[in-house]
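In our numbering, the protein residues as written are 652 to 1058.
Written out as structure tokens, the structure is:
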């Protein structure tokens, strides 16, 4: 294997995790080859929340400046009772949050983040992206790893020393890496939750309906038994991203599926009429089945494969940390590998040992949020009382371990 190939990092997936990994490795002098299954890069989903632990890394990778003109810096996260629209709690963000955690909290459209990442990737001469590449096999030897892909019916192979599986919750790398293992392959599992997404013009009827009950310069979360809705501005404030969560039956895998609107309407019974009006004006809603991946499964396979982001540990989105964990994974992987390049297996084990406790803690925080936000009866009353007793300063301090994290 040629010297350049012996140092090459192969990445499967050109989403947030894959592009961040490409930049992190390229910044440390590694040549990178990216295989992306899609013919064209299109950002799945709509809005995204990027907390300071993520934007700090984006700043270090030279991405943040390209993202800022299209992003919004919310002043706070505001929790409201969906039935009364009364405010329950407020976590200060904006300048206060940036001073506290050393980086901004941003909300943005996923397409704007992906464009900012791609702009930076395009400026890296040693990063090569191949789209329309369906990964078919991996071959591991003592000297490296070869990934073979089908590109429009043409076989294409890349050699390197490491394959990074950054291809999301329905990862093909995870399946290829599990071939030949005696244990059952790690698959994604439907969580029982449906995410309902809509993006509306801030100046349109739905945007005006939100302005009447929400905080246009904040991330507003409406809490209700068995349901919650999150709303925040994106695209320089010209649009409002809405996402609601309910229980539901499994639907086809994908980011823009179809589910019975009666499920959402039923979950919103007894919410404030103004909130129900917002939901009606925002439709039609696209449904997304929330899938998770068992975090007990190993993220390092065969000594030369590392899974990052959703491919490794897809979690429910109730801590708004899915993208942040992928960004952290990618940056720390490149850091650990660069610190000890001669010991690949040892470095990968160190990386997984560093990342797993944090990812597990974040996933548990998300599970706790889900229980609290969807609570019923006396539990909901106790939650409301607890939140009202917590000052904004204490609520911010509760997040220092999460938002103040550094690579």
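The beta-carbon is built from N, C-alpha and C at its ideal position, and this holds for glycine as well.
Stretch pair the segment 765-775 + the segment 733-750: three plus CB contacts closer than 8 Å: no
Residue span of the beta strand (DSSP E) that contains residue 700, given as start and end: 698-701
Spatial distance of residue 765 from residue 667 (CA atoms): Cα to Cα, residue 765 sits roughly 7 Å from residue 667.
Expected contact under 8 Å - CB spacing of residue 754 and residue 975 to nearest Å: Taking 8 Å as the upper bound for CB-CB distance, residue 754 and residue 975 are not in contact here, some 11 Å apart.
Residues of its chain near residue 987, where Cβ-Cβ distance is below 6 Å and the 5 sequence neighbours each way are ignored: 998, 1001, 1002
Contact belief for residue 894 with residue 758 at Cβ below 8 Å, rounded distance in angstroms: Wrong, their Cβ atoms sit about 12 Å apart, outside the cutoff.
Where residue 818 falls: helix, strand or coil (DSSP): coil
7 Å Cβ shell around residue 921 - same chain, five flanking residues per side excluded: Counting only Cβ-Cβ distances below 7 Å, and skipping sequence neighbours, we find 734.
Identity of the residue in 720, 688, 815 nearest residue 960 by Cα: 815
Cβ contact check for the segment 929-937 and the segment 969-984: 3 or more pairs under 8 Å: no
Sub-8 Å separation of residue 841 and residue 968 beta-carbons: No, the pair does not count as a contact, with Cβ atoms beyond the cut-off.
Reference residue 957; option with closest CA among 925, 985, 943: 985
Euclidean distance between Cα positions of residue 652 and residue 794: Any answer about residue 652 is weak, because its pLDDT of 44 lies below 50 and its placement is not dependable; what the coordinates show is given next. The straight-line gap from Cα to Cα measures roughly 8 Å.
C-alpha distance - residue 786 paired with residue 914, whole-angstrom precision: 37 Å
Cβ separation of residue 792 and residue 852, assumed to be a contact under 8 Å, to the nearest whole Å: Not quite, the Cβ-Cβ distance comes to about 55 Å (not below 8 Å), so this is no contact.
As assigned by DSSP and simplified to three states, the class of residue 810: Residue 810: strand per DSSP, three-state reduction.
Cβ-Cβ distance between residue 697 and residue 824 below 8 Å: no
Where residue 992 falls: helix, strand or coil (DSSP): Residue state for residue 992 is assigned as coil, using DSSP reduced to three classes.
First through last residue of the alpha helix (DSSP H) which encompasses residue 766: 761-773
Burial state of residue 1027 (16 or more Cβ within 10 Å): exposed
Unbroken alpha helix (DSSP H) run spanning residue 824, endpoints: 823-829
Beta strand (DSSP E) runs contained entirely in the segment 914-968, provided each spans 3 or more residues: 937-944, 956-958
Run of the alpha helix (DSSP H) containing residue 863, from where it starts to where it stops: 856-864
Nearest-angstrom Cα separation, counted from residue 891 out to residue 721: 13 Å
Inter-residue CB distance, residue 683 and residue 714 (contact presumed, cutoff 8 Å): With a Cβ gap of about 15 Å, residue 683 and residue 714 do not count as contacting.
Inter-residue Cα distance where the pair is residue 1014 and residue 945: Distance between the alpha carbons of residue 1014 and residue 945 is about 11 Å.
Burial state of residue 949 (16 or more Cβ within 10 Å): Label assigned to residue 949: buried.
Assigned secondary structure, residue 1049 (DSSP; H/G/I helix, E/B strand, else coil): coil
Secondary structure, alpha helix (DSSP H): runs of 4+ residues fully inside the segment 976-1045: 995-1024, 1028-1040
Limits of the unbroken alpha helix (DSSP H) element including residue 747: 745-752
Secondary structure of residue 716, DSSP reduced to three states: helix
Distance between residue 790 and residue 658 (C-alpha atoms, nearest Å): 16 Å
Classification of residue 1042 by the beta-carbon crowding that lies within 10 angstroms, buried from 16 upward: With fewer than 16 Cβ atoms within 10 Å of its Cβ, residue 1042 is classed as exposed.
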